[in-house]
Amino acid sequence: MHVKFTEWARIYGDIFSLKLVGGTVTVLSSLEAVWHVLEHQHQVTSDRPPSTIARMVADDLHFAIINADTRWKSYHRAAKVVLSPSAAERHKPVIQAETCQLLYDILNEPKGFFDHSRRSTTSIILSIVCGKRAPRHETPYVKEFYRLMPEWIRLLESGAALDLVPALTYLPEVLAPWRANVRKVRRWMHDLCMSTIEECEEREAKGTSNGCALETVKENAEEWKLTRPMVGFLGGVLVETGSDTAGVSMHNMILMAMANPEAQRRAYEEIDRVVGTERLPDYDDLSRMPYVKAFILEISRLKPTAPAGFAHAASADVM
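Just remember that the working numbering sits 19 ahead of the position in the sequence shown, which is counted from 1.
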């Protein structure tokens, strides 16, 4: 889809519209257009398109797909505990420790790089948000998470028809087998998301709290106007968005390095020249490794994790 959008942008310009069954879709195809519409006018362009399936499954608790109302503002404030620049600095030791295990796992079982990468990215965000690691890709949370995600994505994709033809939501179950899938994914998602806060509560009861982000959010929940289900879903959604996208980026990096051995060799030589062979690279080294930095950015350009971006909805006219 994003390839076709790019082709049309060359013909029709950076901003063009498509007429669908129930309305208009506007496509933004340049940084300037995105900044002008989504940043400069964010007060009226931060909502999300309606999703009947998402509402049925998540009860409007999934903050990545809700409108910019008071709940979203509460979520946004709480998410800064994890996502602010100062918080990111505190996460570096966790990332470096998980990277060491990732390298060890790939060296000992290179054919399992796909699972090793997913375990690593999931363990990083689990440690930061929920205060627990995923030392193996067979860890129960990791297994359940990666079983749920394909089901959730397929349900969202197939459910788009309900938003185009709302009358379909009134079909009886015998004519709407998707209803059974909604109930299954709903139970699955609620159980997985709420398990994040339940473990925090268990540690608190035992006096073994470890200062993870979700514990901080829980302590401030009343002030930030967050209910217990909202705190649970905040933890689950942060894990969802932080693990899957980072895992895909890591897979793309490995595959692109394998497909371009000369680029891989040059990056390897620069790391050896700057870092040496007695330690691993750290964040401070990146400023002295322009080729490695360009290597990383080029992978993001060639294989973005969400090439079409995330849809927004306007709550008023946009000029």
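Glycine included, C-beta positions come from ideal geometry on N, C-alpha and C. Note that the coordinates shown come from a computational prediction; the quantities given were computed from them, not determined experimentally.
Looking from the CA of L80, the closest CA among R198, K312, Y287 and F252 belongs to F252.
Burial of K237 is indicated by the presence of at least 16 other C-beta atoms within 10 angstroms of its C-beta.
Measuring C-alpha to C-alpha distances from P159 to each of E221, W54, L211 and L194 identifies L211 as the nearest.
Scanning V22, G42, E51 and E218 for the CA closest to the CA of I34 turns up E51. R292 places its beta carbon 8 Å or farther from that of Y310.
Put simply, the backbone Cα of E217 is about 10 Å away from that of R247. Looking only at E176, T188, T118 and Y189, the smallest Cα-Cα distance to P154 is reached by T118. The Cβ atoms of R67 and G266 do not sit closer than 8 Å to each other. In summary, D124 is buried, with 16 or more beta-carbon neighbours lying within 10 Å of its beta-carbon over all protein chains present. At a cut-off of 4 residues, the continuous stretches assigned as alpha helix (DSSP H) that sit fully inside the stretch 51 to 134 are 61 to 64, 71 to 77, 89 to 102 and 104 to 127. The beta carbon of S334 is closer than 6 Å to those of V63 and D66 in its chain, skipping five residues each way along the sequence.
Rounded to the nearest angstrom, the gap between the Cα atoms of D301 and L121 is 15 Å. Straight-line spacing of the CA atoms in E221 and V101 works out to 21 Å. Exclusion of the five residues before and after M308 leaves E289 and V293 as the residues of its chain whose Cβ lies within less than 6 Å of its Cβ.
Rounded to the nearest angstrom, the Cβ distance from I72 to L175 is 6 Å, consistent with a contact under 8 Å. Beta-bridge analysis with DSSP links S36 to T45.
The stretch 169 to 185 makes contact with the stretch 198 to 213: 3 or more CB pairs, one atom from each, lie closer than 8 Å.
With a cutoff of 8 Å on beta-carbon distance, T324 and T264 are scored as near each other. Between L57 and L47, the alpha-carbon positions lie close to 10 Å from each other. In the structure shown, A232 falls within a helical segment according to DSSP collapsed to helix, strand and coil. Out of D304, P280, V337 and A276, the CA that lies nearest to the CA of S319 is found in A276.
With contacts defined by Cβ atoms closer than 8 Å, S93 and L245 form a contacting pair.
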